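Below is one structure, written out as structure tokens, with a few remarks after it.
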Amino acid sequence: MISTVPPAFIFIIGGLLVPFIKGKWKSAYLLLIPCIGFINLISVPEGVHWVVRFLDWELVFGRMDRLSLLFGYIFHLITFIALLYALHVKDDLQHVAGLVYAGSALGVVFAGDIFSFFIFWEMLTVSSIFLIWARRTRAAQAAGYRYLLVHAAGGLCLLAGIVLYVNQTGSIEFGYIGLNGLATYLIFFGFGINCAWPVLHPWLTDAYPEATITGTIFLSAFTTKCAVYALARAFPGTEALIWIGAIMTGFPIFYAVIENDLRRVLAYSLINQVGFMVCGIGIGTALSINGAVAHVFNDVLFKALLFMSMGAVMYRTGKINGTALGGLYRTMPFTCICCMVGAASISAFPLFSGFVSKSMVMDAAAKGHMTGIWFLLLFASAGVFHHAGIKIPFFAFFGHDSGMRPKEAPVNMLLAMGITAFLCIFIGSFPGPLYSLLPYPVDYVPYTAPHVVGQTQLLFFSALAFSLLILSGIYPGEMRCVNLDSDWFYRKGGRLFYYIMDNLFNGLNRASEKVFVGGLAGYLGRVSKDGPSRAALLALVPAWVISGATGEKLAHKKASLRAAVQTGTSPVGITAALATIFLIVVFLLM
Amino acid sequence: MKEKAEGEKEYLFDKPRNVNRLLGCFFSSLGILLIIEFFIHKHPHFAWEGWLEFYAVYGFVACVALVLAAKYILRPLMKRREDYYD
Chain A
0 MISTVPPAFI
10 FIIGGLLVPF
20 IKGKWKSAYL
30 LLIPCIGFIN
40 LISVPEGVHW
50 VVRFLDWELV
60 FGRMDRLSLL
70 FGYIFHLITF
80 IALLYALHVK
90 DDLQHVAGLV
100 YAGSALGVVF
110 AGDIFSFFIF
120 WEMLTVSSIF
130 LIWARRTRAA
140 QAAGYRYLLV
150 HAAGGLCLLA
160 GIVLYVNQTG
170 SIEFGYIGLN
180 GLATYLIFFG
190 FGINCAWPVL
200 HPWLTDAYPE
210 ATITGTIFLS
220 AFTTKCAVYA
230 LARAFPGTEA
240 LIWIGAIMTG
250 FPIFYAVIEN
260 DLRRVLAYSL
270 INQVGFMVCG
280 IGIGTALSIN
290 GAVAHVFNDV
300 LFKALLFMSM
310 GAVMYRTGKI
320 NGTALGGLYR
330 TMPFTCICCM
340 VGAASISAFP
350 LFSGFVSKSM
360 VMDAAAKGHM
370 TGIWFLLLFA
380 SAGVFHHAGI
390 KIPFFAFFGH
400 DSGMRPKEAP
410 VNMLLAMGIT
420 AFLCIFIGSF
430 PGPLYSLLPY
440 PVDYVPYTAP
450 HVVGQTQLLF
460 FSALAFSLLI
470 LSGIYPGEMR
480 CVNLDSDWFY
490 RKGGRLFYYI
500 MDNLFNGLNR
510 ASEKVFVGGL
520 AGYLGRVSKD
530 GPSRAALLAL
540 VPAWVISGAT
550 GEKLAHKKAS
560 LRAAVQTGTS
570 PVGITAALAT
580 IFLIVVFLLM
Chain B
0 MKEKAEGEKE
10 YLFDKPRNVN
20 RLLGCFFSSL
30 GILLIIEFFI
40 HKHPHFAWEG
50 WLEFYAVYGF
60 VACVALVLAA
70 KYILRPLMKR
80 REDYYD
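Taken in sequence, the protein lines are chains A and B.
Everything in the first sequence is counted per numbering that gives the first Met the number 0, starting at 0 for the first residue and increasing by one.
Everything in the second sequence is counted per numbering that gives the first Met the number 0, starting at 0 for the first residue and increasing by one.
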């Protein structure tokens, strides 16, 4: 057997070496990394590997079981696709960040202990931020900082939970945790931020559309899916997740309908799809967990495909707003077809990948007699077709003619999209291989007549609603605008905080300067300079007046006394007399 | 990037005939979907899944409700100028 290494290391070390490879070899080198990684991965048998002793603890870098391996496979696959899509990019920063980011994601899913899990979890944030900043626009810079702050807060919350949890249990093994007590709630909440739960979600819709064209493909694949993995590992069957997931599937579609930036529409639909996974984990049966995990696999592919097609449009036209695009099918037909395959997959059309996984979650909800949840999920299924399935291709490739006739996307982009589109159709048509990789044995048949007809009816009549609404002019037109979301609280709240801090502390500063520097210090200076001479004058002038000094003589005496006291050169007699008076005063006071 | 030119070739959906064909296909498939339901044996989890054309009606109503709510409730509440945060 060939010797193997932790999957994360190949990507991280391989990524850090990218800047040293020059010229035409760079493309080959980049694509080789996930290939070598994959060979390494399939050479590792299931079980626990790479246990390292650190202080009194045992760190585990390779807990390979069916759950983590499936995430491992899809992460390798999508890294290959994303790198192929990004081959034309000359900016090494993006390649390094993308590979370290992918490596961190592999570190997260294979970590068997909660310490190394946390380190890789934080590395996800640190490496991904460069994929946003690499866009090098002001908007990207600002969105990146907000992304960083939200994830730093989430990371701290998770860390606090981990410290409490390890303190309570005495073990750092990362396995089932379940909700009981403060520690577990903090961990749960920390996962929730990366998972883009409702209200905690705007970091995603804020930052992903600001990232680079190729960076977004990486971003859409890893952070949220790692959080789904963490929930599947630590909180399967937690009831709260059912409702959290169902709400996640529902609310983003309303935003997606009125959003103009098409990559932001996809970001909202990303939350919607992650909702199905979270819901499946919450239901917690073998069928629902299988469905959630299978949906991760499929979502990574079709969401990447949609982001890639929009990226290709953006690369060729420089535009991404629905208001500016339209009619591009004329000169970008292949990109258009790939986009429609992605759209059909995310909408769960029969024969496309979403169909064989999303329906498992729906079926699990139905088997559990969760009526409200089932209706919400069905609503979301119709809604996702509406905004991601029709709106994206329609506004970019059809709709009104924008007059632009851009060239078809570059070859590497077309190849990446083609491979992904093929996989979406292949998995949708032949789900067997995917099902054989799922954590639990699969006893589920997606292609039954009522299921196929029901789902097709649902989608076709959503399409009918879209057509009628467009034709009647009721469909909300695309507008150049910002839609408020819960990030308002920290974007405007942050400004309020800044304003209050600015006025409070800088006000205090100004007041202190006025009182202490301007007033008190000067006063003390004057007192210590003039005080002794004034006191001496107060004591001596009456004596001089009694002794008959007046006019010029008195003025002369005063001036020489002032000079003598200020320069410390008073005659010995006076000093001695003052000292005596001082002693008498002290004696009397005592 | 090239722009639209005078007298450029006609593309697929520039011809109204092709658009009408597409719409014709779409509407006839809607009809077929409605009819086909009579010939399949259902085994529903919930009672309403057995109702006639349940999925078709739900899909249509859900999407209309979605768009109306987004347009007439969410947008007026949430829409701000593009430079709102600047």
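Glycine included, C-beta positions come from ideal geometry on N, C-alpha and C.
Since the model is a prediction, treat every value here as computed from it, not as a measurement.
Asked	Found
Closer than 8 angstroms to chain B by CB, residue 257 of chain A	yes
Residue range of the beta strand (DSSP E) that includes residue 487 of chain A	Run containing residue 487 of chain A: none in the beta strand (DSSP E); it sits in the alpha helix (DSSP H), 487-511.
Closer than 7 angstroms at the beta carbon, the chain A residues around residue 16 of chain B	Within 7 angstroms Cβ-Cβ: nothing; residue 16 of chain B doesn't reach chain A, min ~16 angstroms.
Residue 85 of chain B - DSSP class collapsed to helix/strand/coil	coil
Neighbour flag for residue 5 of chain B against chain A, beta carbons, 8 angstroms	no
Cβ-based burial, residue 432 of chain A [other Cβ within 10 Å; buried from 16]	exposed
Inter-residue Cα distance where the pair is residue 345 of chain A and residue 338 of chain A	11 angstroms
When B:47, B:52 and B:77 are compared against residue 374 of chain A, the one with the closest alpha-carbon	B:47
Length of the line joining the Cα atoms of residue 0 of chain A and residue 40 of chain A	Here the model assigns residue 0 of chain A a pLDDT of 47, short of 50, so the residue's position is not dependable, and the following value carries that caveat. Cα to Cα, residue 0 of chain A sits roughly 13 angstroms from residue 40 of chain A.
Contact list for residue 23 of chain B against chain A, beta-carbon separation under 7 angstroms	Ordered by position in chain A, no residue passes the 7 angstroms Cβ test against residue 23 of chain B, which lies about 13 angstroms from the chain.
Residues of the region 384-408 of chain A with Cβ closer than 9 angstroms to any Cβ of chain B, in chain order	384, 385, 386, 397, 400, 401, 402, 403, 404, 405 and 406
CB contact flag (residue 249 of chain A, residue 379 of chain A, <8 angstroms)	yes
Exposure label - residue 11 of chain A; buried when at least 16 CB within 10 Å	buried
Same chain, Cβ closer than 8 angstroms to residue 21 of chain B, five either side skipped, listed in chain order	12
Residue from A:212, A:512, A:146 and A:222 whose Cα sits closest to the Cα of residue 123 of chain A	A:222
For residue 107 of chain A and residue 225 of chain A, believed in contact at Cβ under 8 angstroms, the rounded distance	5 angstroms
7 angstroms Cβ shell around residue 354 of chain A - same chain, five flanking residues per side excluded	347, 348, 427, 445 and 454
Residues of its chain near residue 202 of chain A, where Cβ-Cβ distance is below 8 angstroms and the 5 sequence neighbours each way are ignored	145, 146, 149, 150, 192, 195 and 486
Whole-angstrom distance between residue 81 of chain B and residue 481 of chain A, CA atom to CA atom	5 angstroms
Short Cβ contact (8 angstroms threshold) for residue 289 of chain A with residue 352 of chain A	no
Beta-bridge pairing of residue 2 of chain B - partner residues as DSSP gives them	A:403
Pick from A:159, A:220 and A:5 that is closest to residue 59 of chain A, judged by C-alpha positions	A:5
Residue-chain proximity (residue 197 of chain A, chain B), Cβ-Cβ < 8 angstroms	no
Backbone CA spacing between residue 483 of chain A and residue 77 of chain B [nearest angstrom]	5 angstroms
Limits of the beta strand (DSSP E) - the one that residue 56 of chain A falls within	56-63
6 angstroms Cβ shell around residue 95 of chain A - same chain, five flanking residues per side excluded	14 and 17
Three-state secondary structure (DSSP) of residue 444 of chain A	coil
Proximity to residue 414 of chain A [Cα-Cα], best of A:291, A:84, A:52 and A:65	A:84
Cβ separation of residue 130 of chain A and residue 100 of chain A, assumed to be a contact under 8 angstroms, to the nearest whole Å	7 angstroms
Integer Cβ distance of residue 9 of chain A from residue 36 of chain A, believed to fall under 8 angstroms	5 angstroms
Inter-residue CB distance, residue 79 of chain B and residue 475 of chain A (contact presumed, cutoff 8 angstroms)	With a Cβ gap of about 16 angstroms, residue 79 of chain B and residue 475 of chain A do not count as contacting.
Chain A residues whose Cβ lies nearer than 7 angstroms to that of residue 58 of chain B	381, 456, 457, 458, 460 and 461
Nonlocal neighbours in the same chain, by C-beta distance under 7 angstroms from residue 563 of chain A, ignoring five residues either side	569
Complete beta strand (DSSP E) runs within the region 268-338 of chain A (minimum length 3 residues, chain order)	none
Counted within 10 angstroms of its Cβ, other Cβ atoms place residue 36 of chain B as buried (16 or more) or exposed	buried
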